[in-house]
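Below: the structure, in structure tokens.
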Amino acid sequence: MSPLANKLKKEVEQLSMDEMVDLHENLIDRIHEQSTASHDSAFRATLERRVEELQSGAVKGIDAMQVLRSL
Numbered sequence: 001m002s003p004l005a006n007k008l009k010k011e012v013e014q015l016s017m018d019e020m021v022d023l024h025e026n027l028i029d030r031i032h033e034q035s036t037a038s039h040d041s042a043f044r045a046t047l048e049r050r051v052e053e054l055q056s057g058a059v060k061g062i063d064a065m066q067v068l069r070s071l
């Protein structure tokens, strides 16, 4: 752990339970935002590739109702 992280850890230990919960929620939200952003760009690239494959005829789509009936 970095020196800054160690310092923050010691300071967090001095917080009240409510403050720690608030900090925890904030950190989780921030991590989720960053994770989602990287996943969004990967998802977008995959989606664009698949649309291009469909439009070019490289792959053939399956009727949605047929897929749902097979489930």
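Everything in the sequence shown is counted per the numbering used here, starting at 1 for the first residue and increasing by one. All C-beta atoms in this analysis are idealised placements derived from N, C-alpha and C, irrespective of residue type, glycine included.
Met-1 and Val-12 do not touch by the CB rule: their CB atoms are close to 13 Å apart, not below 8 Å. Collapsing the DSSP output to three states places Lys-60 in coil. In the DSSP annotation of this structure, the continuous segment of the alpha helix (DSSP H) that includes Leu-4 starts and ends at 3-12. Across the structure, Thr-46 and Asp-40 are spaced so that their CA atoms are roughly 10 Å apart.
Only residues of its own chain outside the window of five on either side were considered, and among them none has a CB closer than 6 Å to the CB of Lys-60.
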